[in-house]
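Residue numbers (our numbering), protein chains in the order written: chain A, 1 to 358; chain B, 1 to 300.
Glycine residues also receive a C-beta, built at the ideal position from the N, C-alpha and C atoms.
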Amino acid sequence: MKARFVLRASTPWWRGPLLIAAAALLTILISAIMIRWAGGAPIPAVRYMFISPLQSRFGFTESLLSATPLVFTGAAVAIAFRAGYWNIGAEGQLLAGTIGATWVGLHAESLPRIVGVTLILLAGMLFGALWALTPALLRTRLGIDEVVTTLLLNPVALLIITGLLNGPWRNSESGFPDSDVIADSTKLWIIWPNTRVHFGLALGIVIIGLCWWFVGKMSGGLKLRAVGLAPNAARIAGLPVERTLLTTALVSGGIAGLGGASEIAGVAHQLTTGISNNFGYTGVIVATLAALSFIGALLVALMFGVITVGSFSASRALEIPSQIGQLVQAVLLITVVSALVIQKYRIVWTTKKSEGRK
Amino acid sequence: MIDVTEEIISSSLRIATPLALAALGELVTEKSGVLNLGVEGIMYGSAFVGIATAAQTGSLTAGLIAALVSGALAGLIFAFTTVTLGVNQHVAGLGMTLLMISLCNTANRIMFTADGGQVRVDPWQPLNFGGPIFSQYLLTYATFLVAVPFVWWLLWKSGLGLKIRAVGENPEAADVAGIGVAKTRYTAIIIGSLFMALAGAFITLAFVGTFTVNIINGRGWVALALVIFGRWTIGRLLIGAALFSLVNAGQLQLRLLPSFADVPFEILLALPFLAVIVGLAISGRNVPYPGAYLKPYKRL
């Protein structure tokens, strides 16, 4: 007996949702096994992780807060991947954004808040785009694979932050390696009273809307998609492929950097080495699960916000590792992406006998 | 001065060992037309599985074997998603890396750090044949004296190597010639993953003797860059590994100099990564990617 995957002529409408549901179930099963191993009860844990954040106002708003950076990195990765530019450096670009934002935050005393906030966000965006510039130039000028260069710059960004925090930006009161608190005039507004949900979320949603509008509705977006789908055809058609890639890479880095500024100015208010909880890499998962659609990325980011908050409350209540939240996200990526491919195929079992006739 | 030079060469060889192993693994994989971005995660996984098993059984050998098994398993899953299903290789590889990292961090928490502890073993000791340069771990000798010639022979002299290169360049033609494309790619991916697993196991079982979060710290990405820098040849790949390791060992020595006392050591730590990017910028132009790089193969 041998299994072969044969492309289906047509896919019934229910196969996609069914297989995605199966992927989600498989993910929950794998996390349940890990929870059991950690000595927790799987059913309450699964309820804590996926449902309880939605049942209280606090859980819900904390989920929105956790989703905020993922909205930015999800959009950043999606727009780059749509152009066929494999930016896997959103992590480093977001971190660069936190550096720029912190620098403004530490030096912008006594400004009107609107000016301070504008400056801190611009700085984050600029630093993120700058961090994306080198790989983008290497790709478009010299043809050097951006996957490797964007990946290599991620640890570098974190090293620079560690260096800054152990050196010039060491906390002046505690002496710990985290920066001083940024100026009040650069802190983002809270948009949901008595919670921690801040202006960054609204900004992220605006970015999602802009990306959707530009990529889907504008002629520049059409170019971007053409470059992503068929770069050679686009080049022959006279589209400026290299310029499109360069611009997209910078926009992608800028969005990721803005996400970093939103974390600094919106919730952390100081730079720490743990400022990014893998937000950039998770952005790749978010964008992929959303099939590179921007509205989808927003929804997946919100779902991941729930899982993040849920895994922390499950961790507190049941003494299981909170790392399980990231595990769920990674397993979900592999199972769902596989399910999306499988739905296009049917499996044909062939025996030795029937193989002779094929 | 002689001492410093010897010290730099000696520690370069140590630093180069996991990089060379992982890059050899990535080379075998990419020669079959598949990019494995899971390299960072497979190293992470085997680093953890190796030391966890060694700590539980008290045997470093058992740890090494378990690390190899974990690498093969990860390779098998990656091969299923990319070869059988034809999932986008960037996504599948990065997914594998994120999966292994989160899985090991969770397991590390459950097994070792829940009560504030840390897993530790007595690591392998260097074998001393005289002088700092010839005082190296067994795996370091094995890497440069056995693994390097073996991969050279495997890829360019053996029948399997011919098949691997054939499916990596032109899977349609290979298929017509009767070479099983899927089977060959599975084999290449799993052999590659075993080398990556050796690299990860070396770090915990020989180099440091403990496991901390983020222990691989981008070494897998450096290995990826070395393959491109090496233009898919072993000689140039080793030159790249040597250059990276020399920069790395050099910055370790620089830190000891009084005039560098004010430079934050993290900046020096970032130097090797920047050196790789500069190296790619100089020698990464018009590189000969395998013909079927990133392309899944489906018989129509």
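Pop quiz: M100 of chain B and F78 of chain B are said to be a contact at Cβ under 8 Å. What is the actual Cβ separation, rounded to whole angstroms? Counting from 1 along the second sequence, the entry for residue 100 of chain B is found at position 100. Counting from 1 along the second sequence, the entry for residue 78 of chain B is found at position 78. Incorrect: roughly 10 Å between the Cβ atoms, too far for contact.
Check whether the segment 98 to 115 of chain B and the segment 218 to 235 of chain B are in contact - that is, three or more C-beta pairs closer than 8 Å. no
Pick from A:L130, A:I28, A:H107 that is closest to S120 of chain A, judged by C-alpha positions: Translated into the one-based positions of the first sequence, residue 120 of chain A becomes position 120. The sequence shown places Ile at residue 120 of chain A, not Ser. Nearest C-alpha to I120 of chain A: A:H107.
Can you give the Cα-Cα distance for S102 of chain B and Q89 of chain B, rounded to whole angstroms? Here residue 102 of chain B refers to the residue found at position 102 of the second sequence. Here residue 89 of chain B refers to the residue found at position 89 of the second sequence. Those two C-alpha atoms are separated by around 20 Å.
If you count every other CB in all the chains shown that lies within 10 Å of the CB of A41 of chain A, and 16 or more means buried, which is it? Taking the first sequence and counting its residues from 1, the one referred to as residue 41 of chain A is at position 41. So A41 of chain A counts as exposed.
Cutoff 8 Å: D180 of chain A Cβ touching any chain B Cβ: Along the first sequence, one-based indexing puts residue 180 of chain A at 180. Judged by the 8 Å Cβ criterion, D180 of chain A is not in contact with chain B.
With DSSP as the reference, label L340 of chain A as helix, strand or coil. Position 340 of the first sequence, counted from the start, is the residue given in the question as residue 340 of chain A. Helix, per DSSP.
Which value, in whole angstroms, describes the spacing of the CA atoms of R15 of chain A and D175 of chain B? Here residue 15 of chain A corresponds to residue number 15 of the first sequence, with the count starting at 1. Here residue 175 of chain B corresponds to residue number 175 of the second sequence, with the count starting at 1. Distance between the alpha carbons of R15 of chain A and D175 of chain B: 31 Å.
Please state whether the Cβ-Cβ distance between G93 of chain B and G38 of chain B is less than 8 Å. What you label residue 93 of chain B is simply residue 93 of the second sequence in a count that begins at 1. What you label residue 38 of chain B is simply residue 38 of the second sequence in a count that begins at 1. Between G93 of chain B and G38 of chain B, the C-beta spacing is below 8 Å.
Quick check on the burial criterion: 16 or more other C-beta atoms within 10 angstroms. Buried or exposed for E173 of chain A? Locating residue 173 of chain A in the first sequence gives position 173, where the first residue counts as 1. Classification for E173 of chain A: exposed.
What distance in whole Å lies between the Cβ atoms of A301 of chain A and A67 of chain A, which are believed to be in contact at a cut-off of 8 Å? Translated into the one-based positions of the first sequence, residue 67 of chain A becomes position 67. Translated into the one-based positions of the first sequence, residue 301 of chain A becomes position 301. Sure, about 5 Å apart at Cβ, within 8 Å.
Partners in chain A for E266 of chain B, counting only beta-carbon separations shorter than 8 Å: On the second sequence, position 266 is the one that residue 266 of chain B refers to. Residues of chain A passing the Cβ test: L159, I160, T162, G163, N166.
Where L240 of chain B and L130 of chain A are concerned, what is the direct C-alpha to C-alpha distance, given to the nearest angstrom? For this step, residue 240 of chain B is matched to residue 240 along the second sequence. For this step, residue 130 of chain A is matched to residue 130 along the first sequence. The sequence shown places Gly at residue 240 of chain B, not Leu. If you take the alpha carbons of G240 of chain B and L130 of chain A, they lie about 27 Å apart.
Looking at the ligand NAP, does it come within less than 7 Å of T248 of chain A, judged from the CB to the closest heavy atom? As far as ligands go, the structure on display features none, and thus does not contain the ligand NAP.
Note down, in chain order, every chain A residue with its Cβ under 8 Å from the Cβ of N217 of chain B. Here the question's residue 217 of chain B lines up with position 217 in the second sequence. Per Cβ cutoff of 8 Å: P155.
Going along the chain, which residues of the segment 278 to 291 of chain B sit with their C-beta nearer than 9 Å to a C-beta in chain A? L280, A281, G284, R285, N286, V287, Y289
Can you name the start and end residues of the alpha helix (DSSP H) that T338 of chain B belongs to? In this structure chain B extends from 1 to 300, so residue 338 of chain B is not present and cannot be described.
Give me the DSSP bridge partner(s) of R57 of chain A. Against the first sequence, residue 57 of chain A aligns to sequence position 57. In DSSP, R57 of chain A forms no bridge with anything.
Within chain B, the residues that P383 of chain A reaches when beta carbons sit closer than 8 Å: For chain A, the structure presents residues 1 to 358; residue 383 of chain A sits outside this window and is missing.
Interface residues of the segment 234 to 247 of chain B facing chain A [CB-CB below 9 Å]: none
Below 8 Å between beta carbons: does that hold for S63 of chain A and V348 of chain A? Start at 1 with the first residue of the first sequence, and residue 63 of chain A comes out as number 63. Start at 1 with the first residue of the first sequence, and residue 348 of chain A comes out as number 348. No; because the gap between Cβ atoms is not below 8 Å, this pair is not in contact.
Quick one: Cα of I318 of chain B to Cα of V121 of chain B, how far? What the structure shows of chain B is the stretch from 1 to 300, and residue 318 of chain B is not part of that stretch, so it cannot be assessed.
The beta strand (DSSP E) enclosing I295 of chain A, as first and last residue numbers: Here residue 295 of chain A refers to the residue found at position 295 of the first sequence. Segment 294 to 318 is the alpha helix (DSSP H) holding I295 of chain A; no beta strand (DSSP E) there.
Contact between the segment 72 to 90 of chain A and the segment 274 to 294 of chain A is defined here as three or more beta-carbon pairs at a separation below 8 Å; is this criterion met? yes
In this structure, does DSSP put Y186 of chain B in helix, strand or coil? For the purposes of this step, residue 186 of chain B is taken as residue 186 along the second sequence, with counting starting at 1. Note: Y186 of chain B maps to helix in three-state DSSP.
Would you please verify whether the beta carbon of M34 of chain A is less than 8 Å from any beta carbon of chain B? The residue labelled residue 34 of chain A in the question sits at position 34 within the first sequence. By this cut-off, M34 of chain A is an interface position.
Does any residue of chain A have a CB that is nearer than 8 Å to the CB of S102 of chain B? Numbered from 1 along the second sequence, position 102 holds the residue referred to as residue 102 of chain B. By this cut-off, S102 of chain B is an interface position.
For Q136 of chain B, the residue or residues it bridges with in DSSP: Mapped onto the second sequence, residue 136 of chain B falls at position 136. DSSP lists B:L127 as partners of Q136 of chain B.
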